[in-house]
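Read through the structure below, which is laid out as structure tokens, and then see the notes.
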Amino acid sequence: MNDLSMQTLTKQKCQCIICQRSDALIRQDDKMKTTKICVMVLKALQELNPTQEYFSLKEDIFKFIKAHWHILSFIKPFTSQKWRKAILDAFNHCTSIQSGKGICKSRGFYKLKSSENSKESSVEAPQYKNELISSAIILQKSLEENVRVLSNAQMNFFVCQRVDVNYHINSLMSSIFKTQKFIEFACNL
Numbered sequence: 001m002n003d004l005s006m007q008t009l010t011k012q013k014c015q016c017i018i019c020q021r022s023d024a025l026i027r028q029d030d031k032m033k034t035t036k037i038c039v040m041v042l043k044a045l046q047e048l049n050p051t052q053e054y055f056s057l058k059e060d061i062f063k064f065i066k067a068h069w070h071i072l073s074f075i076k077p078f079t080s081q082k083w084r085k086a087i088l089d090a091f092n093h094c095t096s097i098q099s100g101k102g103i104c105k106s107r108g109f110y111k112l113k114s115s116e117n118s119k120e121s122s123v124e125a126p127q128y129k130n131e132l133i134s135s136a137i138i139l140q141k142s143l144e145e146n147v148r149v150l151s152n153a154q155m156n157f158f159v160c161q162r163v164d165v166n167y168h169i170n171s172l173m174s175s176i177f178k179t180q181k182f183i184e185f186a187c188n189l
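Every letter in the sequence shown is one number past the one before it in UniProt numbering, and letter 164, counting from 1, is 164.
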């Protein structure tokens, strides 16, 4: 990537994956892995330079990071003074990234493995939301079944007049209902 295109990136917001998700990235909690960031950077570079196969760590990747520093500086791996080493380690150990050492005859060149190019972005918020909703639905069905079983058990114990057992069952049912309400609330976010 040449210096002119980097200067253009810093003057205006580009349409890469990093800029499109800037708000979400800045609000991201500390759990974002460095390898995920590296994959995002390579995807963004591929979007900006579709004809370039491998990207140089010094000439492309670090310049891209500096051009997007206003976004990336808020993400935990970049808050350390040793962020360059963390990025290099992530590029060398990420299973989604391929080194260009053999093809480029030099170290420090990387590309996404072809399986990553065809996949949807691994940081797609809708995908995570759908998975969360799906998990919440499964949990809710399980909770409903548990409530049904507890209700049947409560009816059986009512006949036996075991007040102490009824108290525990009512406590469990109350906890289950509270969990259900929380799940419904979380799904509506």
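We put the CB at the ideal spot given by N, CA and C, even for glycine.
Start and end residues, beta strand (DSSP E) containing residue i
i: F78; result: Segment: none, F78 is in no beta strand (DSSP E) and carries neither H nor E.
i: K111; result: 109-112
Endpoints, alpha helix (DSSP H) assigned at residue i
i: I97; result: No alpha helix (DSSP H) holds I97; the beta strand (DSSP E) holding it covers 97-99.
i: T35; result: 34-48
i: E23; result: Correcting the residue identity first, residue 23 is Asp in this sequence and not Glu. Looking at the DSSP string, the run of the alpha helix (DSSP H) that includes D23 is 22-27.
i: I61; result: Element bounds for I61: n/a, residue is neither H nor E.
i: H68; result: Note, H68: premise wrong, no alpha helix (DSSP H); not H, not E.
Nearest to residue i (by Cα), restricted to the options the options
i: N92; options: E131, R107, N49; result: R107
i: M173; options: E184, N188, A186, E145; result: E145
i: D23; options: I75, I61, K33, A136; result: I75
i: S151; options: S99, R21, F62, S171; result: S171
i: I87; options: I183, I61, I137; result: I61
i: R27; options: K36, Q52, E53, L72; result: L72
i: T35; options: T179, Q20, C94; result: C94
i: L143; options: K178, F109, S114; result: K178
Under the three-state DSSP convention, the category residue i falls into
i: Q180; result: helix
Practice task
Pair every Cβ in the stretch 13-26 with every Cβ in the stretch 40-53, then say whether three or more of these pairs are closer than 8 Å.
Solution key: yes
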